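These notes concern the structure reproduced below.
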Amino acid sequence: MKVVTAQNELNKLIDRSNRNGKSVGYVPTMGFLHEGHLSLVSQAKANNDIVVMSIFVNPAQFGPGEDYEAYPRDLERDVALAEKAGVDFVFAPSVEEMYPTDGGIRILPGQQADVLCGASRLGHFDGVLKVLLKLFNIVDPDRSYFGMKDAQQLAIIETFVRDYFLRTEIVRVPTVRESDGLAKSSRNVNLSETERLEAPFLYQALQMGQKRIGVSSPDEIEKAIAEFISKQTSGIVDYAKVLSYPSLSEVSEDDSEIILACAVKFSKTRLIDNIIMSTKDDTSCSE
Ligand code: PAF
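Using our numbering, read the sequence shown as starting at 1445 and increasing by one per residue.
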């Protein structure tokens, strides 16, 4: 495995003219790897000849007062885990490498970013799209792998890639959970011992809400999810929403997929979770 920090070096190494027809699977991350990331790698390995992972904590997607500084980092450990998982190239650039100039050009997502995390983290998805456009241009991947825990991010990226004719296929990968149901996240290390015990209630609240789809209204379900979380945890509910997926608009009769999503602020970190369910056969298609 090779670790590269310069974007032009990586671009040269895996340029299409050097690929000899080999396919590239790409796993973009902000590091502090966990089994969720490793499941993206194993999918990428299964379907591609070469696997590239980027590790970059992207300042552009953190707002003032958010956890950019506190975001956990351990490049040495990440590189060892990536190598063991079979990654071929790790791209670990500095902030200066990724943002050498700022000509002020902005990439703005549409209405999918007006709800859920986009409503409470203003500009967050602008920063995600900005870094991804750069990363897609550097790596030029055939397929890119994203976890369904960040379901809103995934929906916006799918729209971005479709609308701007970006030459990568977006592959959805199901959320990986701890044995008690907590979705794996790099941010889980910033939970206190008590909060860690409370955190699985997010998923339980969503599962409770899922059982009420078709029985209660979206509003009632949202209220029930928020109440359940407030009762069972010390966290503050940022949102509990039931929406159509991937449009992230209000639920309607024609929806084929519905998302139940929540975000909860704990003392040092904010967790998100979701269930995406098919309305056709009533089974969840991602959790
Ligand atoms: O999901 C993440 O870790 C980040 O938002 C991403 C896609 C790597 C962009 O910085």
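Even for Gly, the Cβ is constructed at its ideal location relative to N, Cα and C.
Computed from a prediction, not measured in an experiment: that's the story for all the values here.
Tell me the rounded alpha-carbon separation between C1561 and A1707. Roughly 8 Å between the two C-alpha positions.
Sequence ranges, alpha helix (DSSP H) only - wholly within the region 1589-1620, length at least 4: For the region 1589-1620, the full-length alpha helix (DSSP H) segments reaching 4 residues or more read 1595-1607 along the chain.
Could you compute how far the alpha carbon of L1715 sits from the alpha carbon of R1565? 13 Å
Since I believe I1657 is in contact with N1455 (beta carbons under 8 Å), could you give me their beta-carbon distance rounded to a whole number of angstroms? With 8 Å as the limit, N1455 and I1657 do not qualify as a contact, their Cβ atoms being about 46 Å apart.
With DSSP run on the structure shown, which of helix, strand or coil describes T1393? The question about residue 1393 has no answer here: the residues shown for the chain are numbered 1445 through 1731.
Quick one: is the Cβ of V1572 within less than 6 Å of any heavy atom of the ligand PAF? yes
As a quick exercise: from E1664, S1693 and E1642, pick the residue whose alpha carbon is nearest that of K1675. In terms of Cα proximity to K1675, the closest of E1664, S1693 and E1642 is E1642.
Around the C-beta of G1591, are 16 or more other C-beta atoms found within 10 angstroms, so that it is buried, or is it exposed? buried
Buried or exposed: which applies to F1609, given that a residue is buried once 16 or more other Cβ atoms fall within 10 Å of its Cβ? exposed
Just checking V1575 against the ligand PAF - is the residue's beta carbon closer than 6 Å to any of the ligand's heavy atoms? yes
Mind checking who L1704 pairs with in its DSSP beta bridge? V1686 and I1719
Would you kindly report the start and end of the unbroken alpha helix (DSSP H) that includes V1485? E1479 to N1491 is the span of the alpha helix (DSSP H), which, as asked, contains V1485.
Bridge partners of K1446, per DSSP? F1533
Report the residue ranges of all alpha helix (DSSP H) runs contained in full by the region 1504-1585; include only those spanning at least 4 residues, in chain order. The region 1504-1585 is shown to contain whole alpha helix (DSSP H) runs of 4 or more residues at 1519-1529, 1539-1542, 1560-1564 and 1568-1583, in chain order.
What ranges does the alpha helix (DSSP H) occupy inside the region 1625-1654, keeping only unbroken runs of at least 4 residues that lie completely in it? 1637-1642
Specify, as a first and last residue, the run of the beta strand (DSSP E) that I1458 falls within. No beta strand (DSSP E) holds I1458; DSSP gives it neither H nor E.
Quick one: grab the DSSP three-state call for K1712. coil
Helix or strand or just coil, what does DSSP make of S1623? The three-state reading of DSSP puts S1623 in coil, since its state is none of H, G, I, E or B.
Indicate, with yes or no, if the ligand PAF has a heavy atom lying under 6 Å from the CB of T1473. yes
Applying the 10 Å Cβ sphere with the 16-neighbour rule, what's the burial state of A1627? buried
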